[in-house]
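Colleague: Quick note, the sequence shown lines up with residues 380 to 756 if you use our numbering. Cβ atoms here follow ideal geometry from the backbone N, Cα and C, with glycine treated the same way.
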Amino acid sequence: MKIAIVCYPTFGGSGVVATELGIALTEHGHEVHFITYKQPVRLELISHHVHFHEVSVNEYPLFHYQPYELALSSKLVNVVKQYKIDLLHVHYAIPHAYAGYMAKKMLQAEGINIPMVTTLHGTDITLVGNHPFYKPAVTFSINKSDVVTSVSESLKEDTLKLFDISKEIIVVPNFIDMEKHVNPYTECQRDLMAEPHERIITHVSNLRPVKRVRDVIEIFDRINSEIPSRLLIVGEGPEKEPCERLCKEKGLEDKVAFLGNSNEVNKILCFTDLFLLPSEKESFGLAALEAMACGVPVVSSNTGGLPEVNEDGVSGYLSEVGDVSDMAAKGLSILSSPETLKKFKMQAKEVAARFDTQKIVPQYEAVYERALQSVAL
Ligand code: GMT
Numbered sequence: 380m381k382i383a384i385v386c387y388p389t390f391g392g393s394g395v396v397a398t399e400l401g402i403a404l405t406e407h408g409h410e411v412h413f414i415t416y417k418q419p420v421r422l423e424l425i426s427h428h429v430h431f432h433e434v435s436v437n438e439y440p441l442f443h444y445q446p447y448e449l450a451l452s453s454k455l456v457n458v459v460k461q462y463k464i465d466l467l468h469v470h471y472a473i474p475h476a477y478a479g480y481m482a483k484k485m486l487q488a489e490g491i492n493i494p495m496v497t498t499l500h501g502t503d504i505t506l507v508g509n510h511p512f513y514k515p516a517v518t519f520s521i522n523k524s525d526v527v528t529s530v531s532e533s534l535k536e537d538t539l540k541l542f543d544i545s546k547e548i549i550v551v552p553n554f555i556d557m558e559k560h561v562n563p564y565t566e567c568q569r570d571l572m573a574e575p576h577e578r579i580i581t582h583v584s585n586l587r588p589v590k591r592v593r594d595v596i597e598i599f600d601r602i603n604s605e606i607p608s609r610l611l612i613v614g615e616g617p618e619k620e621p622c623e624r625l626c627k628e629k630g631l632e633d634k635v636a637f638l639g640n641s642n643e644v645n646k647i648l649c650f651t652d653l654f655l656l657p658s659e660k661e662s663f664g665l666a667a668l669e670a671m672a673c674g675v676p677v678v679s680s681n682t683g684g685l686p687e688v689n690e691d692g693v694s695g696y697l698s699e700v701g702d703v704s705d706m707a708a709k710g711l712s713i714l715s716s717p718e719t720l721k722k723f724k725m726q727a728k729e730v731a732a733r734f735d736t737q738k739i740v741p742q743y744e745a746v747y748e749r750a751l752q753s754v755a756l
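1. Along the chain, where does the beta strand (DSSP E) containing G695 start, and where does it finish?
2. Determine the closest residue to E558 out of A672, D702, Y387, with distance taken between C-alpha atoms.
3. Taking three-plus beta-carbon pairs below 8 Å as touching, is the segment 723-731 in contact with the segment 440-453?
4. Can you look up I612 in the DSSP assignment and give me helix, strand or coil?
5. Just the Cα atoms here: how many angstroms apart are R624 and Y477?
6. Would you check if there are 3 or more beta carbon pairs closer than 8 Å linking the segment 590-597 to the segment 650-659?
7. Within the continuous beta strand (DSSP E) that includes R578, where are the two ends?
8. Cβ of F663 within 7 Å of any heavy atom in the ligand GMT?
9. Between the segment 501-510 and the segment 536-547, are three or more C-beta pairs nearer than 8 Å?
10. Does the Cβ-Cβ distance between P552 and V530 come in under 8 Å?
11. I believe I602 touches L711 by the beta-carbon criterion, under 8 Å. Please report the beta-carbon distance rounded to the nearest angstrom.
12. Could you tell me which whole beta strand (DSSP E) segments of length 3 or greater appear in the segment 503-549?
13. Do the CB positions of V550 and H470 come within less than 8 Å of each other?
14. Compute the Euclidean distance between the alpha carbons of L622 and I596, then round it to the nearest angstrom.
15. Consider the C-beta atom of V678 and the heavy atoms of the ligand GMT; say whether any pair is separated by less than 7 Å.
16. What residue does the beta strand (DSSP E) around T497 start on, and which one ends it?
17. Please report how far the alpha carbon of L534 lies from the alpha carbon of G614, in whole angstroms.
18. Please determine, among D525, Q568, S604, the residue with the shortest C-alpha to C-alpha distance to A707.
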């Protein structure tokens with residue numbers, strides 16, 4: 380099948396899922412065309428089955444806002460025609476589903492009937508998409524997609540609650556390539572990051588307010604006062620500066636390292652003992668799954684889809700959003716002895732294996748078959 384994938388190319392869960400999906404699809408013999416404004420960060424163009432088409436928007440003084448959706452839908456039309464694409468898969472409703480639908484209609488006018496699959500990732504529904512500025516366009520483009528998927532049961536429920544949806548929503552969870560995470564429990568190069576008696580705690584996100592990174596520091600502070608530890612914060616975003624200030628106020632500067640955006644997250648997770656994800660909202664929590672696949676237990680909030688991935692008492696623990704004392708107590712119980720930690724590390728990996736690429740990618744292929752059938756009718 381020839382599939383065009385539209386996504387956000389930068390650091391962020393939806394772009395990562397779209398890129399990893401595209402790569403996995405090529406391994407299943409499909410030809411994949413990424414259409415976006417920049418080469419996706421995890422994409423290496425090493426296979427002739429992978430193509431990247433850049434969408435560029437020329438600056439024009441008349442435009443106060445550059446019309447990206449227009450450029451994207453025109454690019455989609457051209458790529459579909461030139462490469463004889465069979466199917467569009469757009470990740471993130473805004474503006475991708477909207478631009479995809481426009482492309483579909485333009486192609487239809489030329490006698491080309493192409494199905495569009497829309498995958499909802501979370502913030503396109505729970506944070507941005509339901510703002511009155513966007514809601515009618517988001518509702519319209521979801522209802523006009525040939526097949527709609529969401530990354531968790533929780534996001535499906537939120538979508539049905541927040542929008543007037545007439546379309547069935549199929550849940551296809553985030554996934555992880557377990558083969559890439561085969562390292563058994565190992566100390567890796569932890570001596571670069573911590574003293575032998577210290578535990579290593581990690582948080583990875585785009586450091587936006589929704590991630591509650593200040594809670595991460597509060598939880599760490601409580602754990603560190605009982606078990607000497609180090610905190611590694613990976614990612615860039617608006618919460619970085621306030622968090623650096625908070626660390627200073629608490630006298631934790633020497634204990635907390637802000638590592639910025641990193642392509643070496645797996646290496647960092649390899650020597651991590653505990654992962655914290657206390658988010659306000661989280662439709663799935665790909666970062667938690669990546670940690671678990673590396674054998675790192677997770678203490679997270681119980682919001683959104685997190686209970687679907689982080690099994691309470693097995694791969695880690697869940698707490699109410701904002702309950703930093705409870706999260707610290709649960710973190711301490713995991714770190715309390717080497718035996719308990721080892722048990723949670725093993726269990727985290729076992730739970731992650733439920734979301735292996737090999738199990739989830741065929742679900743997307745089944746969705747594609749369904750979408751193709753829907754336009755053939
Ligand atoms: O929250 C992020 O880090 C980025 C965001 C995005 O839109 O790229 O991630 C969303 O999609 C991921 C992939 O499906 C999910 O695993 C994340 O839970 C989701 N983020 C939120 O719902 C806040």
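Modeller: Per the coordinate set shown:
1. 695-698
2. A672
3. With a cut-off of 8 Å, the segment 440-453 and the segment 723-731 do not count as touching, because too few Cβ pairs lie within range.
4. strand
5. 40 Å
6. yes
7. In the DSSP assignment, R578 falls within the beta strand (DSSP E) that extends over 578-583.
8. yes
9. yes
10. By the CB criterion at 8 Å, P552 and V530 fall inside the cutoff.
11. I602 to L711, Cβ: 6 Å. Contact.
12. Counting whole runs of 3 or more residues, the segment 503-549 contains the beta strand (DSSP E) stretches 526-529.
13. Not closer than 8 Å, so no.
14. Inspection of the sequence shows that residue 622 is occupied by Cys rather than by Leu. Looking at the two C-alpha atoms, the distance is approximately 8 Å.
15. no
16. 495-499
17. 24 Å
18. That would be S604, whose Cα lies nearest to the Cα of A707.
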